[in-house]
Amino acid sequence: MDQLTDILSAISHPTRRAIIGKLANGPARFLDIAEPFDVALNAVTKHLKLLERAGLIEREKQGREVLISLRPEPLLLVAEWVHEYERFWNIQLDQFEQHFKDKKRKEKKK
């Protein structure tokens, strides 16, 4: 799988997006990340592994604790990909708008 596919897969699940949201506020311990979710710790571990595989999080051992941090840079790939389609739709909508302006102008001339 390519990196964009990994990232899109990782952010496709609401729990993983919520984890990203929590980590956007700063590094956190595993149990702090898992606490708000009504799922088994094993499930949270799987979500974190997917996020880590996509390059969206990193783990850093500090003494006996492991802090998990967000690495937001890979999300730029998603933003760039979406931006390509934004340009496409802007062009399409501009043409659509121009069509109706031209139609209205022709109707006024009648």
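Under the working numbering, the first residue of the sequence shown is numbered 1042, with each subsequent residue one higher. For every residue, glycine included, the Cβ atom is placed at its ideal position computed from N, Cα and C.
Ser1110: first and last residue of the uninterrupted beta strand (DSSP E) it sits in: Glu1106 to Leu1111
Every unbroken alpha helix (DSSP H) within the region 1081-1140, with a cutoff of 4 residues, ordered by chain: 1082-1094
DSSP three-state assignment for Ala1069, whether helix, strand or coil: strand
CA nearest to the CA of Pro1113, picked from Lys1147, Gly1096, Glu1076 and Asp1143: Gly1096
Secondary structure of Ser1050, DSSP reduced to three states: helix
Cα-Cα separation, Glu1101 to Gln1044: 22 Å
Same chain only: Cβ atoms within 6 Å of His1054, ignoring 5 sequence neighbours per side: none
Check whether Leu1092 and Ile1061 have beta carbons under 9 Å apart: yes
Whether Phe1071 touches Ile1132 by CB criterion (9 Å): no
Same chain, Cβ closer than 7 Å to Ile1098, neighbours up to 5 away in sequence not counted: Leu1064, Leu1089, Leu1092, Ile1109, Ser1110, Leu1111 and Arg1112
Buried or exposed (CB count within 10 angstroms, at least 16 for buried), Arg1057: buried
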